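As they're listed, the protein sequences go chains A and B. Here the working numbering is used: the first sequence runs in plain steps of one and ends on residue 521. Here the working numbering is used: the second sequence runs in plain steps of one and ends on residue 521. Read through the structure below, which is laid out as structure tokens, and then see the notes.
Protein chains: 2
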Amino acid sequence: MKDDLPEYLVGPHPDDPSLTRRLSGLDHEGKEQEISVIMERPLTIFLNGQEIVTAMTIGDFPDYLAVGYLLNQNMLRQDDRITGIDYDDDLEVVVVRTERETNYEEKLQKKIRTSGCAQGTVFGDLMEKFEDIALPRDAVLRTSWIYTLSRLINNTPSLYLEAGAIHGCVLCKEDKPLIYMEDVGRHNAIDKIAGYMFLNKIEAGDKIFYTTGRLTSEMVIKTVQMGIPILISRSGFTAWGVDLAREAGLTLIGRAKGKRFIALSGDDRLIYDADWSAIADEPRRSGRKASVVSDGN
Amino acid sequence: MKDDLPEYLVGPHPDDPSLTRRLSGLDHEGKEQEISVIMERPLTIFLNGQEIVTAMTIGDFPDYLAVGYLLNQNMLRQDDRITGIDYDDDLEVVVVRTERETNYEEKLQKKIRTSGCAQGTVFGDLMEKFEDIALPRDAVLRTSWIYTLSRLINNTPSLYLEAGAIHGCVLCKEDKPLIYMEDVGRHNAIDKIAGYMFLNKIEAGDKIFYTTGRLTSEMVIKTVQMGIPILISRSGFTAWGVDLAREAGLTLIGRAKGKRFIALSGDDRLIYDADWSAIADEPRRSGRKASVVSDGN
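Shown next as structure tokens:
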């Protein structure tokens, strides 16, 4: 598989010693065993003078995480000029500075815990822009891409495969994964991608978003806000996530394992071109891929 | 299996029509298919006059969720007298009233997003009591119980098996599961159990906590705060979760699948009594159980 691994703009870095730690314990036979465990560290995000939030993260891309979080909270605007991003490794603080003066004191009062790994995002404000967003109607999703993307992503050496207990989000174009971010929180992985896209002016309308996690209301809202018309997951749905996807015209594909998937929204973008003879079916409750997710949950 | 299913004090109720919805979409063959999808609804929790948080939940036990959340946030104390719990189904509001006057305005300013499904809990305050808690040293965990509990829990008809995309937390004693709560957020499932334990005066020191989710810092902190000495998961660890478990003397068992598990903390409570000839080994990347977790992530 390795030979046809995609060339990521940003990919996982399972060998980075700062992201995992070796810990030893007793196994089921009472034998000493050592395993790799994911690091989890606080990062406090400031916007200009104001402390916004402290996120628990693996800590690999504080700048992308900060910018993406602020964008997805509608605290940064697409037209904002960022004048600086200062990261202090020791203080575990990142400060994003903008030309525009900002003050979100009021916004910071609201506290809504969304489900899954989305709790704590200021949901009322997440929704602010939601109704106004029009996703490109001409975007398409070939079923063959779903299978190719799943295979490439799941065969990419990753922190998950190294240590488990982590989520992955991948920005793709057609059948090519471009940016593969991992984090202890799925919300961090998607925010890091949003930050990368903003800072590198990556177009969203022709992209596909793949996540290892559930298709909850928050994942749908963030994907729509980022302007990405298609969201794919190996995992399941929540009813509200589906409602929001249908409202926004987002193509929502869940339970994508082996040959199987189900589209609960936006199936008009689907083009059924997959050559099934070429696709090994995965047992309904596939282990490897399922546990790719399970340890990351 | 059914015949030896445990008698739960509170168990899953997969047949409750208010917790799932039938939604139809297009499957991988382009055929119309209908599936059950988990409901996700807001619940706003008040403590006396004060709005504390809005949680996204399946909505089955608003009273337990509210009380458990407030306990785990150290906003309710073990010695607090609850004078009333009012739930309004239409307004999706639950109000917990106490004899003691409460005001957590200051506390509500802090915002820390922990990893996994714990983001948004007020972490600084979660830690408040942490150092002072002494878990019972005499508690034991027989390895045979780990296998029995996993089998019983995974064979219990549940919302997960009905619809996926949901988490489970189970309070157990020895090899008996007692309270099995499910929710879209793992943090809700554990809070509902905390609320049930408080309102029904359930002792914690002789219990075992089982979760489908990762062993993150927050799961460890909540388990320790609840006074439960043993935490078991099929999923993996984060480094900080392990550090906190070791600090608190919590027995922390992860990756418990089939014969396998690893204890990264508190292995002095383990008694190796399992008769392996009686335990079918589960493939390292077991599908069924792994996806029990995967869809709940």
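Even for Gly, the Cβ is constructed at its ideal location relative to N, Cα and C. It should be emphasised that the depicted structure is a prediction, and the values quoted were computed from it without experimental measurement.
Your pair MET263/B and THR278/B does not check out as a contact, with CB atoms roughly 16 Å apart and the cut at 8 Å.
In this structure, ASN272/A is the residue among TYR496/A, GLU427/A and ASN272/A with its C-alpha nearest to the C-alpha of ARG324/A. Secondary structure within the stretch 306 to 331 of chain B: the beta strand (DSSP E) runs of 3 or more consecutive residues, fully enclosed, are 306 to 312 and 317 to 322 (chain order). Annotation: the continuous beta strand (DSSP E) that includes PRO266/A extends over 265 to 271.
Under a 10 Å Cβ-count criterion, PRO236/B is classified as buried, with 16 or more other Cβ atoms of the shown protein chains found around its own Cβ. ARG361/A sits exposed, since fewer than 16 C-beta atoms from the chains shown fall within 10 Å of its C-beta.
Between the alpha carbons of HIS411/A and GLU471/A lies a distance of about 22 Å. Proximity of chain B to GLY254/A at the Cβ level (cut-off 7 Å) is accounted for by TYR496, in chain order. At a Cβ-Cβ threshold of 8 Å, ALA487/B and TYR371/B do not count as neighbours. Below 8 Å, too few C-beta pairs join the stretch 250 to 258 of chain A and the stretch 456 to 475 of chain B to call them touching: fewer than three. Among the residues of chain B, those whose CB is under 8 Å from the CB of ILE262/A are GLY460, PHE461, THR462 and ALA463, following chain order. With a beta-carbon spacing of about 6 Å, ASP430/B and LYS397/B fall inside the 8 Å limit used to define contacts. The beta carbon of ILE259/A falls within 8 Å of a beta carbon belonging to chain B, placing the residue at that interface.
Burial state of LYS425/A is exposed, judged by a 10 Å Cβ sphere holding fewer than 16 other Cβ atoms.
Boundaries of the beta strand (DSSP E) harbouring SER489/A: 484 to 489, taken from the DSSP string. Under the criterion of beta carbons closer than 8 Å, TYR434/A and LEU373/A qualify as touching, at roughly 6 Å. If you draw a straight line from the Cα of VAL394/B to the Cα of GLY283/B, it comes to about 18 Å. Within the stretch 461 to 488 of chain B, PHE461, THR462, ALA463, TRP464, VAL466, LYS483, ARG484, PHE485, ILE486, ALA487 and LEU488 place their CB atoms closer than 7 Å to a CB of chain A, listed in sequence order. Here the alpha carbons of ARG375/A and ILE503/A stand approximately 10 Å from one another.
The closest CA to that of GLY249/A, considering only LYS481/B, ILE477/B and TRP500/B, is found on ILE477/B. For TRP464/A, the closest of ARG265/A, VAL444/A, VAL364/A and LEU494/A by C-alpha to C-alpha distance is VAL444/A. Residues of the stretch 394 to 416 of chain A with a Cβ closer than 7 Å to any Cβ of chain B, in chain order: VAL408, GLY409 and HIS411.
DSSP, read as helix, strand or coil, puts MET443/B in helix. Non-local beta-carbon contacts of VAL319/B in its own chain, meaning distances under 6 Å to residues more than five positions away in sequence, involve PHE270 and ASP310 in chain order. Assigned with DSSP and collapsed to three states, HIS391/B falls in strand.
Straight across, the Cα-Cα distance linking TYR293/A with ASP491/B is about 39 Å.
One Cα belongs to MET299/A, the other to VAL448/A, and the distance between them is close to 16 Å. Residues of the stretch 433 to 455 of chain B that bring their beta carbon within less than 8 Å of a beta carbon in chain A comprise THR436, GLY437, ARG438, LEU439, THR440 and SER441, in sequence order. C-alpha of HIS252/B to C-alpha of ALA387/B: approximately 18 Å in a straight line.
DSSP places ARG470/B inside the alpha helix (DSSP H), whose first and last residues are 463 to 472. Within the stretch 391 to 418 of chain A, complete alpha helix (DSSP H) segments of at least 4 residues are not found at all.
For LEU385/A, DSSP records no beta bridge to any residue.
GLN449/A carries a helical assignment under DSSP once its states are collapsed to helix, strand and coil. Within the stretch 240 to 253 of chain A, ARG245, LEU247, GLY249, LEU250, ASP251 and HIS252 place their CB atoms closer than 7 Å to a CB of chain B, listed in sequence order.
For ASP491/B, the chain A residues whose C-beta falls within less than 9 Å of its own C-beta are GLY249, LEU250 and GLY254, listed in chain order.
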